[in-house]
Amino acid sequence: MVKFVNPTEVLNKIKLKSDMIAADFGCGSGGWVIPLAKKLEEGRVYAIDIQEEPLSALGSKIRLAGLQNIKKILSDLEIENGSKVPALSCDLVLMTNLLFQTEKKKQIFKEADRILKPRGKILVVDWKPESSLGPEQGRVSPEEVKVLAEEFKLKLKKEFSAGDYHYGLVFEKD
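Numbering (UniProt numbering), first residue to last: 1 to 174.
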């Protein structure tokens, strides 16, 4: 049986506390935002995307779920301070199905590093390079992501398969 990535299962692999502050880079219409916000019920989730349409769809999902701890941000993560999130304010940054879509991967990591608190974590979930599904262009191997993370002195804490078509990496900031 084919196993697709399950956000709740993946989030369970990280030690989350209900009062954490997180940012979902390239959140789209909220496939990860909603399950994350439910786990961080006393915290906050910044849902950041460059496109207005998915953020609008996310707004409807937030209302339906009755969640009060999500802040939507329309912004470009490929520019300096692109997330509009305060420096050193986040416990967790999600980059799920994001890196294959950008050529400015280093800037994305730079922004994540800027907003992460010491001991904060980055969760990367992206398409396995050998996967038969998903985008043909722009896939990033786990090894490439590790090299990028090392540039920002982020330590690899966990590596796992996130379903049949995705891999997962968890990094921690010193």
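Quick reminder that beta carbons are idealized off the backbone N, C-alpha and C, glycines included.
Quick caveat, the model's predicted, so the values are computed rather than measured.
Alpha-carbon to alpha-carbon, residue j and residue i
i, j, result
"residue 168", "residue 11", "10 Å"
"residue 160", "residue 15", "15 Å"
"residue 65", "residue 5", "21 Å"
"residue 68", "residue 122", "23 Å"
"residue 73", "residue 24", "10 Å"
"residue 75", "residue 84", "7 Å"
"residue 113", "residue 142", "18 Å"
"residue 48", "residue 1", "33 Å"
"residue 138", "residue 99", "8 Å"
"residue 57", "residue 103", "26 Å"
"residue 80", "residue 89", "16 Å"
"residue 107", "residue 149", "11 Å"
"residue 162", "residue 128", "9 Å"
"residue 120", "residue 101", "24 Å"
Residue burial classification, residue i (beta-carbon count within 10 angstroms, cutoff 16)
i, result
"residue 147", "exposed"
"residue 111", "buried"
"residue 135", "exposed"
"residue 190", "Outside the modelled stretch of the chain, which goes from 1 to 174, sits residue 190, for which no answer is possible."
heavy atom of the ligand FAD below 7 Å from residue i C-beta
i, result
"residue 56", "This structure lacks the ligand FAD, and indeed carries no ligand of any kind."
Closest by C-alpha distance to residue i, when choosing among the options
i, options, result
"residue 59", "81, 76 and 34", "34"
"residue 118", "63, 92, 53 and 97", "92"
"residue 166", "136, 172 and 130", "130"
"residue 17", "128, 89, 40 and 32", "40"
"residue 158", "65, 84, 172 and 66", "172"
"residue 151", "162, 105 and 132", "105"
"residue 154", "51, 109, 164 and 79", "109"
"residue 44", "32, 21, 50 and 52", "21"
"residue 156", "162, 145 and 164", "145"
"residue 38", "54, 70 and 162", "70"
Residue i and residue j closer than 8 Å at C-beta
i, j, result
"residue 62", "residue 87", "no"
"residue 96", "residue 125", "yes"
"residue 7", "residue 28", "no"
"residue 164", "residue 13", "no"
"residue 55", "residue 94", "no"
I'd like the ranges of any alpha helix (DSSP H) spanning at least 4 consecutive residues and lying wholly in the region 106-169. 142-151
4 or more residues per run - each alpha helix (DSSP H) lying fully within the region 34-97: With a minimum length of 4 residues, the continuous alpha helix (DSSP H) runs that stay inside the region 34-97 are 52-65.
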